[in-house]
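What follows is a short report on a single structure.
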Amino acid sequence: MVSGVALTKAESFSHEFVPRHEILPKKEKEALLATLNVSLQLIPRIHKTDPAIATLGAEIGDIIKITRHDAKADTIEYTYYRAVVK
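Numbered per numbering that gives the first Met the number 0, the sequence shown spans residues 0 to 85.
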């Protein structure tokens, strides 16, 4: 819910400035942590109440893969990871 207005899943992700969000499957999560040689606590965080995260139905402890496109060169993608917290 944003400012008292409930958004549907389609509405949450349909805006051009909202990047693609995906919940990493357990095996990919483990592989990412092993590759980066970090624990879940060292991954940047995102709150479970964030509209995009709430829409995905992510749980605390999940890792979200966020893929953004470059504003000037749409062919360039940047990938970010966030750990879901309370």
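Think of the CB as a built atom: it goes at the ideal place given N, C-alpha and C, for glycine as much as any other residue.
Simplified DSSP state of residue i, which is helix, strand or coil
i, result
"residue 0", "Note that residue 0 scores 47 on pLDDT, short of 50, meaning its location in the model is unreliable; the coordinates nonetheless yield the value given after this. Note: residue 0 maps to coil in three-state DSSP."
"residue 52", "helix"
Strand pairing of residue i, partner residues [DSSP]
i, result
"residue 65", "20, 79"
"residue 37", "BP columns for residue 37 are empty, so no partner."
"residue 45", "83"
Distance cut-off 7 Å: residue i Cβ against heavy atoms of the ligand SAH
i, result
"residue 48", "No copy of the ligand SAH appears in this structure; indeed no ligand is present at all."
Nearest-angstrom beta carbon gap, residue j and residue i [assumed within contact, 8 Å]
i, j, result
"residue 44", "residue 81", "6 Å"
"residue 57", "residue 83", "5 Å"
Nearest candidate by alpha-carbon position, reference residue i, set the options
i, options, result
"residue 40", "21, 61, 74, 24", "61"
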